[in-house]
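A.B. asks: Please read through the structure below; I'll follow up with questions.
2 protein chains.
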Amino acid sequence: MMNVILIFVNPCFPSDSENLFIDMADRLFEDGWKELGYVYVNIDDCWASMQRDAQGRLQPDPKRYSVGGGIHKLARYMHDRGLKLGIYGDMGTHTCGGYPGTPLDKIQIDAQTFADWEVDMLKYDGCYSNATEQEQGYPLMSKALNATGRPIGYSCSWPAYQGGLPPKVNYSQLGQICNLWRNYGDIQDSWDSVLRIVDWFFENQEVLAPAAGPGRWNDPDMLVVGDFGLSMDQSRAQMALWSIMAAPLFMSNDLRTISSGARNILQNKMAISINQDVLGIQGQRIVKEKSGIEVYWRPLSNNASALVFFSRRNDMPYRYTTSLRKLKYPTGSYKIFDVFSEKTATLKDSSDFVVSVNPTGVVMWYVSAPGKLHFHKFFRGGKPRGTEYDAAENALPYAFL
Amino acid sequence: MMNVILIFVNPCFPSDSENLFIDMADRLFEDGWKELGYVYVNIDDCWASMQRDAQGRLQPDPKRYSVGGGIHKLARYMHDRGLKLGIYGDMGTHTCGGYPGTPLDKIQIDAQTFADWEVDMLKYDGCYSNATEQEQGYPLMSKALNATGRPIGYSCSWPAYQGGLPPKVNYSQLGQICNLWRNYGDIQDSWDSVLRIVDWFFENQEVLAPAAGPGRWNDPDMLVVGDFGLSMDQSRAQMALWSIMAAPLFMSNDLRTISSGARNILQNKMAISINQDVLGIQGQRIVKEKSGIEVYWRPLSNNASALVFFSRRNDMPYRYTTSLRKLKYPTGSYKIFDVFSEKTATLKDSSDFVVSVNPTGVVMWYVSAPGKLHFHKFFRGGKPRGTEYDAAENALPYAFL
Chain A
2 MMNVILIFVN PCFPSDSENL FIDMADRLFE DGWKELGYVY VNIDDCWASM QRDAQGRLQP
62 DPKRYSVGGG IHKLARYMHD RGLKLGIYGD MGTHTCGGYP GTPLDKIQID AQTFADWEVD
122 MLKYDGCYSN ATEQEQGYPL MSKALNATGR PIGYSCSWPA YQGGLPPKVN YSQLGQICNL
182 WRNYGDIQDS WDSVLRIVDW FFENQEVLAP AAGPGRWNDP DMLVVGDFGL SMDQSRAQMA
242 LWSIMAAPLF MSNDLRTISS GARNILQNKM AISINQDVLG IQGQRIVKEK SGIEVYWRPL
302 SNNASALVFF SRRNDMPYRY TTSLRKLKYP TGSYKIFDVF SEKTATLKDS SDFVVSVNPT
362 GVVMWYVSAP GKLHFHKFFR GGKPRGTEYD AAENALPYAF L
Chain B
2 MMNVILIFVN PCFPSDSENL FIDMADRLFE DGWKELGYVY VNIDDCWASM QRDAQGRLQP
62 DPKRYSVGGG IHKLARYMHD RGLKLGIYGD MGTHTCGGYP GTPLDKIQID AQTFADWEVD
122 MLKYDGCYSN ATEQEQGYPL MSKALNATGR PIGYSCSWPA YQGGLPPKVN YSQLGQICNL
182 WRNYGDIQDS WDSVLRIVDW FFENQEVLAP AAGPGRWNDP DMLVVGDFGL SMDQSRAQMA
242 LWSIMAAPLF MSNDLRTISS GARNILQNKM AISINQDVLG IQGQRIVKEK SGIEVYWRPL
302 SNNASALVFF SRRNDMPYRY TTSLRKLKYP TGSYKIFDVF SEKTATLKDS SDFVVSVNPT
362 GVVMWYVSAP GKLHFHKFFR GGKPRGTEYD AAENALPYAF L
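In structure tokens form, the structure reads like this:
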């Protein structure tokens, strides 16, 4: 499974959930999101009726979803537009919001219900279950979903309930049974919360980065870009760092009222392209300066890479000087594409450069493959001298998507 | 002295300070700021040469300001455009940035130098001085400025160095000698910092609000709207709460590159008009709900008032229900003007209403005087019934500035 980008819609608040999902689907379809890969519309907690039906199956709350159609109708609506539908379940007795859960004895019937509804993804939460039950339940749901024959993306909250780290969490097993997993607490719509998540993921990068790869992703939780709590610089920072982390791009904002600033960030083709790179290698923090500047790096296909210069300062834009050589790049000449300013440059590994990084902001680069060294001998004073770079070898890709 | 609104320019970073101040002055003059009252351009720390001149006078750093003109030339540049110039001094041996201070024995000569340069405001900081010196120095500078015969707004950092509260701080004395004063620590370009300041000022409102009035203002520090750290909702919240506090409106952003979103907030006529209300009464927090909604209130001239509904939540827009009666408004019918949406409404004190407040955001209202009750008797079934409001009495002002 490729990495997912989607919109997460929380239906606990509005009472007209069905219309909300349809509105979001229409926006994805009409406003250029779908083409960029934002194809999932995911229903979060609070969709279910408090009672199972006569056959013991989960059923949607009739106050929120029209009876006799419900989730299945919603899935059809998505599929008719080339979109997909995600749903939420919980492996405990109840969901976190107090709705019926899917404990061990209900896993098979609920997996089948989701498949019957033609659902495309399941987030399987962990409230009201203990470690022993989780150890049985998460693998069991994986098997049950596979047994339905329908491809259903499987998002496991399991590691988040076990502290997110070995030995309690077994990432090789997770990679075998889940497509993505929440490692850590819920994001809040605030910069503090984004920083807490960034810190935890990169402090534990030695453990977490190897766990990720195509079809198995760490999920640091939703983007809050376009909500209420982040400045434009902070929004670019979240988009950049989530792309470095190869994180699933879950939007959480209202697409009906999104500002053009937030839209431009979420629709940035280069950032999405970096996020979705086919190698699926999760990036790492490689520099932590006393000045508050940090450098993040992610290797990409075609021998390219992404760099993010991030400022944790709160005062003024900071002019950070470094070179690609200092960032451990091999000898060569590189083409640089600045993801948010869309400027390009050519840079030798040995050349010092300066990036001006806004407080709580980032500068993000796509860095091409190093141009190969060719021994174009050239002469000065009758003697052969040095080497030259072949610039054609490391051109920027013409299109990124 | 009326309340001040101005731009604070920190010259410690760029080396071409003179040009920076001239650029800001040009923006104030050309981009509609001056007409709204943003007329001061204030030089912060780092402007001075390390050496006093042969006559013992402060002199500007020749690397930053052209010799033979310097600050005086800059003041003339401002005055030619109907703007004003502010400068920075410190009552200790050194400024906070390590430049020459204005201790007790230098107060008279420096006050005269500032007046000779035709400066219009002085921020007198307190680094490298002790409580005893401050007790002498702040009143002495007040006298010295008055003695020059030039009207110079006098901003005292004194209370901030003494914890901001009685008995260490004497607000009646401050009101007599200073025009404005910093009560609390420096603001940072972050929402956390804004919240810390809001909390401190409103937790101590019983002491602080009575200290303020025309010509004597509490200064919770600069607006960081238009910098890097606040979202649009947070920016509106700072503008609204600073207006409730009758705070001097000091901008700190770069006017050359400000976004239209931030500009619209800083140039909101109604918010400025509330901030600058002639009564100069500092507002207060009147409600603190468990839901995270808080209500702030400021009495205004013409028997009007301002209300701010503030959400400290981090999740979703919150629908808050209340009535003007619950907010202790007298019986009557009120015209409401929503400061940021620019919508109007009419509300009876007894009517419940709902405001939807974004996370870390505000809804801000100008509330007209209550319409007087008139005994327009009206008849139903032959019997006289009740009363009616005379709507013409409490119309919204046609123009606010």
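Line by line, the protein sequences give chains A and B.
Residues in the first sequence are numbered consecutively from 2, following my numbering.
Residues in the second sequence are numbered consecutively from 2, following my numbering.
Yeah, the Cβ is synthetic: ideal placement off N, Cα and C, and Gly gets one too.
Please read all numbers here as calculations on a predicted model, not as lab measurements.
Three-state secondary structure (DSSP) at A/Tyr185?
C.D. replies: Here A/Tyr185 sits in coil by DSSP.
A.B. asks: Nearest chain A C-beta to B/Leu231 closer than 8 Å, yes or no?
C.D. replies: Yes, its Cβ sits closer than 8 Å to a Cβ of chain A.
A.B. asks: DSSP three-state call for A/Arg82: helix, strand or coil?
C.D. replies: DSSP places A/Arg82 in coil when its eight states are reduced to three.
A.B. asks: Under 8 Å, Cβ to Cβ, is there at least one residue of chain A near B/Arg184?
C.D. replies: Before going on, a small fix: residue 184 of chain B reads as Asn here, not Arg. No, because no Cβ of chain A sits closer than 8 Å to the Cβ of B/Asn184.
A.B. asks: Assuming A/Ala26 is part of the beta strand (DSSP E), what are its boundary residues?
C.D. replies: Where A/Ala26 is concerned, there is no enclosing beta strand (DSSP E), although the alpha helix (DSSP H) it sits in stretches over 18-31.
A.B. asks: Give me the Cα-Cα distance between A/Glu207 and A/Leu280, rounded to the nearest whole angstrom.
C.D. replies: Taking the straight line from one Cα to the other gives about 18 Å.
A.B. asks: Taking only beta-carbon positions, decide if A/Thr322 is within less than 8 Å of chain B.
C.D. replies: Answer no: the Cβ-Cβ gap between A/Thr322 and chain B never drops below 8 Å.
A.B. asks: Kindly indicate if chain E contains any beta-carbon less than 8 Å away from that of A/Gly362.
C.D. replies: Considering every chain present, this structure includes no chain E. Its protein chains are A and B.
A.B. asks: Measure from the C-beta of B/Trp192 to each C-beta in chain A and report whether the shortest distance is under 8 Å.
C.D. replies: Yes, B/Trp192 counts as interfacial toward chain A.
A.B. asks: So which residues of chain A does B/Gln189 contact, with C-beta pairs closer than 8 Å?
C.D. replies: In chain order: Asn315, Asp316.
A.B. asks: Going by C-alpha to C-alpha distance, which of B/Arg313, B/Gln268, B/Ala305 sits closest to B/Gly284?
C.D. replies: The shortest C-alpha separation from B/Gly284 is found at B/Ala305.
A.B. asks: Considering only DSSP beta bridges, list what A/His95 is partnered with.
C.D. replies: Per DSSP, A/Pro101.
A.B. asks: Going by CA-CA distance only, name the one from B/Val225, B/Ala241, B/Tyr100, B/Arg82 that's closest to B/Leu256.
C.D. replies: Per the Cα distances, B/Val225.
A.B. asks: Would A/Trp118 pass as a contact of A/Ala145 if the rule is Cβ separation under 8 Å?
C.D. replies: No, these two residues do not count as a Cβ contact at 8 Å.
A.B. asks: State the start and end residues of the unbroken alpha helix (DSSP H) segment that holds A/Trp159.
C.D. replies: A/Trp159 -> alpha helix (DSSP H) spans 159-162.
A.B. asks: Pick out the complete alpha helix (DSSP H) segments inside the stretch 257-296 of chain A, 4 residues or longer, and give them in chain order.
C.D. replies: Taking only runs of at least 4 residues, the alpha helix (DSSP H) segments lying wholly in the stretch 257-296 of chain A are 261-267, 270-276.
A.B. asks: Looking at the secondary structure, which residues open and close the beta strand (DSSP E) in which B/Asn43 lies?
C.D. replies: Element bounds for B/Asn43: 39-44.
A.B. asks: Excluding the five sequence neighbours on either side, which residues of its own chain have a C-beta within less than 8 Å of the C-beta of B/Ser243, listed in chain order?
C.D. replies: The identity of residue 243 of chain B in the sequence shown is Trp, whereas the question assumes Ser. Only Pro221, Leu224, Leu250, Asn276 meet the Cβ criterion.
A.B. asks: So is A/Pro101 buried or exposed if we call it buried at 16+ other beta carbons inside 10 Å?
C.D. replies: The residue in question, A/Pro101, is buried, as its Cβ has 16 or more Cβ neighbours within 10 Å.
A.B. asks: Between A/Asn205, A/Ile266, A/Arg217, A/Leu209, which lies nearest to A/Ser236 when the distance is taken from Cα to Cα?
C.D. replies: The shortest C-alpha separation from A/Ser236 is found at A/Ile266.
A.B. asks: Within its chain, find whatever has a CB closer than 8 Å to the CB of B/Trp48; leave out the 5 residues flanking it on each side and keep chain order.
C.D. replies: Result list for B/Trp48: Pro12, Ser18, Pro61, Asp62, Arg65, Tyr66, Ile72, Ile88, Tyr89, Tyr100, in chain order.
A.B. asks: Name the chain A residues whose beta carbon is nearer than 7 Å to that of B/Asp234?
C.D. replies: Near B/Asp234 (Cβ distances below 7 Å), the residues of chain A are Phe229.
A.B. asks: Please determine, among B/Ser324, B/Trp159, B/Ala247, B/Asp27, the residue with the shortest C-alpha to C-alpha distance to B/Thr347.
C.D. replies: Minimum Cα distance to B/Thr347 is reached at B/Ser324.
A.B. asks: Taking a cut of 8 Å between CB atoms, which residues from the stretch 343-360 of chain B lie near chain A?
C.D. replies: Cβ contacts with chain A: Asn359, Pro360.
A.B. asks: Kindly indicate if chain A contains any beta-carbon less than 8 Å away from that of B/Leu402.
C.D. replies: Since pLDDT at B/Leu402 reaches only 49, below the 50 mark, its modelled position is unreliable, and the value read off the structure follows with that caveat. Chain A, which has no Cβ nearer than 8 Å to the Cβ of B/Leu402, makes this no.
A.B. asks: Is B/Thr347 helix, strand or coil by DSSP?
C.D. replies: It is a strand residue.
A.B. asks: Could you tell me whether the stretch 289-296 of chain B touches the stretch 330-341 of chain B, where touching means 3 or more Cβ pairs closer than 8 Å?
C.D. replies: With a cut-off of 8 Å, the stretch 330-341 of chain B and the stretch 289-296 of chain B do not count as touching, because too few Cβ pairs lie within range.
A.B. asks: According to DSSP, is B/Lys64 helix, strand or coil?
C.D. replies: Of the three classes helix, strand and coil, the one that applies to B/Lys64 here is coil, per DSSP.
A.B. asks: Could you tell me the boundaries of the alpha helix (DSSP H) in which A/Lys144 lies?
C.D. replies: Taken as a continuous stretch (DSSP letters only), the alpha helix (DSSP H) holding A/Lys144 covers 132-148.
A.B. asks: Assuming B/Ser143 and B/Leu181 are in contact, meaning their beta carbons sit under 8 Å apart, how far apart are those beta carbons, in whole angstroms?
C.D. replies: Actually they are not in contact, since the Cβ atoms of B/Ser143 and B/Leu181 sit about 12 Å apart, beyond 8 Å.
A.B. asks: In this structure, how does DSSP classify A/Thr114 when only helix, strand and coil are distinguished?
C.D. replies: Three-state DSSP puts A/Thr114 in a helix.
A.B. asks: Among all the DSSP beta bridges, which residues are the ones paired with B/Thr332?
C.D. replies: Answer is none; B/Thr332 lacks a bridge partner.
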